[in-house]
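Oh and the sequence shown: position 620 is 622 in the numbering used here, straight run, nothing missing.
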Amino acid sequence: MANGGGGGSSSGGGGGGGSGLRMSSNIHANHLSLDASSSSSSSSSSSSSSSSSSVHEPKMDALIIPVTMEVPCDSRGQRMWWAFLASSMVTFFGGLFIILLWRTLKYLWTVCCHCGGKTKEAQKINNGSSQADGTLKPVDEKEEAVAAEVGWMTSVKDWAGVMISAQTLTGRVLVVLVFALSIGALVIYFIDSSNPIESCQNFYKDFTLQIDMAFNVFFLLYFGLRFIAANDKLWFWLEVNSVVDFFTVPPVFVSVYLNRSWLGLRFLRALRLIQFSEILQFLNILKTSNSIKLVNLLSIFISTWLTAAGFIHLVENSGDPWENFQNNQALTYWECVYLLMVTMSTVGYGDVYAKTTLGRLFMVFFILGGLAMFASYVPEIIELIGNRKKYGGSYSAVSGRKHIVVCGHITLESVSNFLKDFLHKDRDDVNVEIVFLHNISPNLELEALFKRHFTQVEFYQGSVLNPHDLARVKIESADACLILANKYCADPDAEDASNIMRVISIKNYHPKIRIITQMLQYHNKAHLLNIPSWNWKEGDDAICLAELKLGFIAQSCLAQGLSTMLANLFSMRSFIKIEEDTWQKYYLEGVSNEMYTEYLSSAFVGLSFPTVCELCFVKLKLLMIAIEYKSANRESRILINPGNHLKIQEGTLGFFIASDAKEVKRAFFYCKACHDDITDPKRIKKCGCKRLIYFEDEQPSTLSPKKKQRNGGMRNSPNSSPKLMRHDPLLIPGNDQIDNMDSNVKKYDSTGMFHWCAPKEIEKVILTRSEAAMTVLSGHVVVCIFGDVSSALIGLRNLVMPLRASNFHYHELKHIVFVGSIEYLKREWETLHNFPKVSILPGTPLSRADLRAVNINLCDMCVILSANQNNIDDTSLQDKECILASLNIKSMQFDDSIGVLQANSQGFTPPGMDRSSPDNSPVHGMLRQPSITTGVNIPIITELAKPGKLPLVSVNQEKNSGTHILMITELVNDTNVQFLDQDDDDDPDTELYLTQPFACGTAFAVSVLDSLMSATYFNDNILTLIRTLVTGGATPELEALIAEENALRGGYSTPQTLANRDRCRVAQLALLDGPFADLGDGGCYGDLFCKALKTYNMLCFGIYRLRDAHLSTPSQCTKRYVITNPPYEFELVPTDLIFCLMQFDHNAGQSRASLSHSSHSSQSSSKKSSSVHSIPSTANRQNRPKSRESRDKQKYVQEERL
């Protein structure tokens, strides 16, 4: 065996050390001189060796390993690699032989027992049952003993299975520990690979050998547990992990015994990397199939690569046994790793290659398998890595910075509109990060938008329905979650259902998160109330687009242009300065105003609301329209222009209209001692004074119990002018009569917020064309609706409710006539049958005969809506019905058969303010005067959906046509505004709010409601204020009631419900006549503001001015535009209409109410009636006090029949 050890090569003499013999000066090696080169190499590597120490014959090829004086090794230096290999082979084959022998013996024993059992069974049959019982008794005893033995073995086996199972914590810890120690043993192999393949080592002084020994002892114990727990011992013995243990554990014990180490097959520990994916799954790190597959491929590829490199390293540094190990070459382990990679990739540079026969033979077979693995695994790995979600990370919260999560309908349009408003520069520092979560990766345009806002915006791909994705975006620490809806979807109910499911998922994951969601249909808001954790008091809000859209349109029926003003107030617009004296200059100055909230200074405590409002407007240049009032039980209510009976409390929150948030700070910093004499509001800044209450004589008062639930205030100030009390004393019923009427008749709903009547069958309100023509309707609202039996419901109740608010007297309610498909209106009727003064004309809005039958030339407003917008695939044709209906009405001609209402040019004169005779008193807010009937003053609301390039229709511009009809067009897509006014000069690419139709109040886009999402987030009171203004007083309590019954419930009049009528409403004040006529010609807006506030508790907040009023030459154009919150010194013109918040007048309609309520609950099946409004003739004016009561009574009985 000494000769069989093989001689050393020139590069690695003395045992073929992997990288040569790296020895210290005290290492001595003996070599045989083979040739000149080997002699020189040997002499250089053993400088202190003695020639006399060589005792070997020159012709013998013996390999001598390095020895030291401190390590007792073989004095001859012979290799003992066979001992290490033999220990592994004996262990493997010995164990395999024992298992097979055991199985063989067990099989023979089973066969013998089987044969013995058959013999005993035959004896049992032959000897009878008694003898059989006696014979089988010993067998039963043996079976019990075997059962006891099996039970003990089973317990041990189960215990071992629990110890190595990943189902328990102990098993997981053990599995992870074994894997970690295997990697540690592999690292030790990497370290030892730089040493010779075989060398003498002292176990007590070699630290790495000690660590490796400890690892392998643990592996041995773990192997025993696995062996005990294995069901099939043979297959367990042949497992990869078992083979790894056979060839790595025994050689370590041999190393300790022989005081030498052999690198050998320790590289097989790299095969443990195959279990890497299982370990990560045990640790709950890998959860998706793609990640598991990727780790599996990588671990198999790397473990095969490292194991093959270890084999090449072994054979190349050792040489071939049949060549006496003389053909070895010195290769490091990492050079072998490099060799295997270039081999698998078929590159084969040739700089490193195998020289031994074993190495080359291995490479032949490895190329076949390695190339196949490389060609299949690597592309799949690259594909999995490439298919990983680009936006699949997790959000890292920034300390001191809030973040919100935005989900739902994430598109370029919705995101751009949201970011433009949310991140507007006029907002105070927005220290909020926006996290978008959507299950579809963004397109290039949307991705570019995110990159432009990368400092405040992040996008993650996922779904809010997946709790894992919610955890990724840190929803539990988010300040709020905003859900956007798709306004253009074909099925609004399905879209709402999707958003409701998102709310449920988010609330289920984190019930305390604040959610603001968009809803398309009003009736779907009821489903949100079914979510236990939904709480509007904690900031949860649902922005119903249909409710607000129709509410804006309804308010425009009462005050033309209000929709534009309100839309500009909650949308953030930058100021655009125009030097030219055009209407755009004044309009854009108002556009820059927004709605803000700020706490009032203590200097205002104790003052009445009108006093504070006047002080803010005159001195601080701020317009305050409402406050948040806290009652005695600490319940907060938003009071809009509450009147002078309410005093400001400490810490009152005010609602202001201003151009930016910095201006509103003046209301908080104002100090009477420091700022009383300051005229420049910009100088009003925080002072060092202690906040004191300066008005000690005026103590804050609280509302009486009867007034706690209202949003407006009764005029109880002594400053109220008696001119507001316009009535006939003879016609006012006594208190007892009013009390009896209130207790016996249900006139309002159970909350007292809306007029109510008993449910009516739809057949009783249907008018034929002839019946409608005979009924001379005037001052009414015509609603043209396109829809059929398959159309989605748009929720007409939201249009009717603001027009039936209880802060109107019954005689002030405008009659509503629907023109459209009866099949569609039958589906909507269930929500409308409790409202008075509603009629239906079956027909089509495109029929001029139907329009003439309902006297469209005498109506106060014409509303055109469509329920078929999203049912057409061609987006350019989705608005065809609304556009054609609009142009159809514009081109109509009217004769002079009845007369015309000219209120739109004169506006609304509040009761008691007209200087004319009582005969010219306003009816439905309009002054009737005989005139030529044209279509000039018919306001039209048209609803459009999608952009389309329809051919422009030429219209006649003469006065007696409908070309001057004012329009308010509801647009779903802003670009369709170009089809409404053919005579404007707007660029088709102009933003909607900059176009003439929108500025004039003749266009309203549902897209402007997107701004409410960010406005509600920054201040949830803004949404409450807007809903209070546009819905007529809808409250969360009323929504809960509608969710239960889907209809308003009638209620008896009580002091509490009647107090709810005492709230403000929006009106338009005409300057052409009335108590403010002197200010209309060149007066200042500030003087009008102060006079209206002091005298009538009316709060002015805007102007509705003729478009060409600034021109010196008269113009025939009747178009008006909106000016929001003009400055104090703004000059007025006589034709201006003033937007104002008017107090409820208890006495304005008592003369009519006393008569109308008697017929309010009576129902008549007759559908024929005379004119709703009878125009008083001059001949009858002499007998007006005598005949007025009967005439009014006849009129309201006719209205009730309709």
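From the three backbone atoms N, C-alpha and C, an ideal C-beta is built for every residue, glycine too.
Can you tell me whether Gln-586 is helix, strand or coil according to DSSP? Along the sequence shown, one-based indexing puts residue 586 at 584. Helix at Gln-586.
CB contact flag (Ser-1013, Met-574, <8 Å): For the purposes of this step, residue 1013 is taken as the residue at position 1011 of the sequence shown. For the purposes of this step, residue 574 is taken as the residue at position 572 of the sequence shown. Met-574 is positioned such that its CB atom lies closer than 8 Å to that of Ser-1013.
Drop a sphere of 10 angstroms on the beta-carbon of Lys-108, count the other beta-carbons inside from all chains shown, and report buried for 16 or more, exposed for fewer. Residue mapping note: residue 108 aligns to position 106 of the sequence shown, counting from 1. Lys-108 should be labelled exposed.
Using the three-state DSSP reduction, which class does Glu-665 fall into: helix, strand or coil? Start at 1 with the first residue of the sequence shown, and residue 665 comes out as number 663. Note: Glu-665 maps to helix in three-state DSSP.
How close, in whole Å, do the beta carbons of Leu-486 and Glu-382 come, if the pair is a contact with beta carbons under 8 Å? Along the sequence shown, one-based indexing puts residue 486 at 484. Along the sequence shown, one-based indexing puts residue 382 at 380. For a cut-off of 8 Å, the C-beta gap from Leu-486 to Glu-382 is around 38 Å, too long to register as a contact.
Beta carbon of Met-803 nearer than 8 Å to that of Gly-1034: Residue mapping note: residue 803 aligns to position 801 of the sequence shown, counting from 1. Residue mapping note: residue 1034 aligns to position 1032 of the sequence shown, counting from 1. Contact: yes.
Considering only their Cβ atoms, is the gap separating Ala-1001 from Asn-836 smaller than 8 Å? Taking the first residue of the sequence shown as 1, we reach residue 836 at position 834. Taking the first residue of the sequence shown as 1, we reach residue 1001 at position 999. No.
Identify whether Thr-599 lies in helix, strand or coil by the three-state DSSP scheme. As a first step, residue 599 is located in the sequence shown; it is residue number 597 there, counting from the start. Thr-599 sits in a strand when the DSSP states are folded into three classes.
Simplified DSSP assignment, three categories, for Lys-649: One-based indexing of the sequence shown puts residue 649 at position 647. Strand at Lys-649.
What do you reckon, are the CB atoms on Ile-842 and Ile-891 nearer than 8 Å? The sequence position of residue 842 within the sequence shown is 840, counting from 1. The sequence position of residue 891 within the sequence shown is 889, counting from 1. No, the pair does not count as a contact, with Cβ atoms beyond the cut-off.
With a floor of 3 residues, list each beta strand (DSSP E) that falls wholly inside the segment 497-536, ordered by position along the chain. 517-521, all fully within the segment 497-536.
Uninterrupted beta strand (DSSP E) stretches inside the segment 822-859 (no shorter than 3 residues): Counting whole runs of 3 or more residues, the segment 822-859 contains the beta strand (DSSP E) stretches 840-844.
Measuring CA to CA, which of Phe-220, Leu-227, Met-597 and Thr-1115 is closest to His-166? Position 164 of the sequence shown, counted from the start, is the residue given in the question as residue 166. The sequence shown places Ile at residue 166, not His. Looking from the CA of Ile-166, the closest CA among Phe-220, Leu-227, Met-597 and Thr-1115 belongs to Leu-227.
Below 8 Å between beta carbons: does that hold for Glu-549 and His-512? The residue labelled residue 549 in the question sits at position 547 within the sequence shown. The residue labelled residue 512 in the question sits at position 510 within the sequence shown. Not closer than 8 Å, so no.
Closer than 7 Å by C-beta to Trp-585: which residues in its own chain qualify, once you throw out the five before and the five after it? Chain order, please. Sequence index remark: in the sequence shown, residue 585 carries index 583 (1-based). Excluding sequence neighbours, Trp-585 sits near Arg-1109, His-1112 and Tyr-1123.
Going by C-alpha to C-alpha distance, which of Phe-452, Pro-469 and Phe-438 sits closest to Tyr-462? In the sequence shown, residue 462 corresponds to position 460, counting from 1. Sorting Phe-452, Pro-469 and Phe-438 by C-alpha distance to the C-alpha of Tyr-462 places Phe-438 at the top.
The segment 1124-1137 / the segment 1053-1061 touching (three or more Cβ pairs under 8 Å): Too few Cβ pairs lie closer than 8 Å, so no.
Where His-315 sits in the DSSP three-state scheme: Looking up residue 315 in the sequence shown gives position 313. DSSP places His-315 in helix when its eight states are reduced to three.
Is the segment 313-322 close to the segment 284-292, with three or more CB pairs under 8 Å? Not touching, per the Cβ criterion.
Host beta strand (DSSP E) of Asp-543 (start-end): The residue labelled residue 543 in the question sits at position 541 within the sequence shown. Start and end: 543-546.
CA-CA distance, Thr-345 and His-411? Stepping through the sequence shown from its first residue, residue 345 is reached at position 343. Stepping through the sequence shown from its first residue, residue 411 is reached at position 409. Rounded to the nearest angstrom, the two C-alpha atoms are 52 Å apart.
Considering only residues of the same chain and omitting the five flanking positions on each side of Asp-481, which have a CB-CB separation below 6 Å? Here the question's residue 481 lines up with position 479 in the sequence shown. For Asp-481, same chain residues with a beta-carbon under 6 Å away, outside a window of 5 residues either side, are Lys-404 and Ile-406 in chain order.
Just to confirm the assignment, what range does the beta strand (DSSP E) spanning Ser-263 have? Against the sequence shown, residue 263 aligns to sequence position 261. Where Ser-263 is concerned, the enclosing beta strand (DSSP E) starts and stops at 262-264.
Using 8 Å as the threshold, is the C-beta distance between Lys-667 and Glu-600 below it? The count along the sequence shown starts at 1 and reaches residue 667 at position 665. The count along the sequence shown starts at 1 and reaches residue 600 at position 598. It is a contact, given that the beta carbons lie within the stated cut-off.
When you compare only the Cα positions, how much space is there between Thr-1030 and Ala-1036? To locate residue 1030, count along the sequence shown from 1; it is residue 1028. To locate residue 1036, count along the sequence shown from 1; it is residue 1034. Their backbone Cα atoms lie some 6 Å apart in a straight line.
Member of Asn-809, Leu-176 and Val-620 whose CA lies at the smallest distance from the CA of Phe-1146: On the sequence shown, position 1144 is the one that residue 1146 refers to. It is Asn-809.
Hey, Leu-273 and Thr-250: beta-carbon distance below 8 Å or not? Your numbering for residue 273 matches position 271 in the sequence shown. Your numbering for residue 250 matches position 248 in the sequence shown. Result no, Cβ atoms of Leu-273 and Thr-250 do not sit closer than 8 Å.
Extent of the continuous beta strand (DSSP E) run through Gly-1104: The count along the sequence shown starts at 1 and reaches residue 1104 at position 1102. Membership of Gly-1104 in the beta strand (DSSP E) is indicated by the continuous run 1101-1108.
Is it right to say Arg-806 is buried, meaning 16 or more other beta carbons lie within 10 angstroms of its own, or is it exposed? Taking the sequence shown and counting its residues from 1, one reaches residue 806 at position 804. Buried.
Would you decide whether Glu-665 is buried or exposed? Buried here means 16 or more other CB atoms lie within 10 Å of its CB. Within the sequence shown, residue 665 is the residue found at index 663, counting from 1. Only buried fits Glu-665, as 16 or more other CB atoms lie within 10 angstroms of its CB.
Near Ser-90, what residues of its chain come up, given a Cβ to Cβ distance below 6 Å and the 5 sequence neighbours on each side ignored? Taking the first residue of the sequence shown as position 1, residue 90 is located at position 88. Excluding residues within five positions, the ones whose Cβ falls inside 6 Å are Phe-248, Phe-249 and Pro-252.
Quick test of the definition: if touching needs 3 or more C-beta pairs under 8 Å, does the segment 622-631 touch the segment 639-647? Between the segment 622-631 and the segment 639-647, the count of Cβ pairs shorter than 8 Å is three or higher; the stretches touch.
Close beta carbons around Val-256, own chain, < 7 Å, minus the five adjacent residues each side: On the sequence shown, position 254 is the one that residue 256 refers to. Correct list, in chain order: Ala-85, Phe-86 and Ser-89.
Quick test of your reading: Val-1252 and Ile-281, contact by CB under 8 Å. State the CB separation rounded to the nearest angstrom. Coverage of the chain is limited to positions 3 through 1204, which leaves residue 1252 absent and any answer about it impossible.
Give a yes or no on whether the C-beta atoms belonging to Ile-100 and Val-158 are separated by under 8 Å. In the sequence shown, residue 100 corresponds to position 98, counting from 1. In the sequence shown, residue 158 corresponds to position 156, counting from 1. Not closer than 8 Å, so no.
Within 10 angstroms of its Cβ, does Tyr-259 collect 16 or more other Cβ (buried), or is it exposed? To locate residue 259, count along the sequence shown from 1; it is residue 257. Only exposed fits Tyr-259, as fewer than 16 other CB atoms lie within 10 angstroms of its CB.
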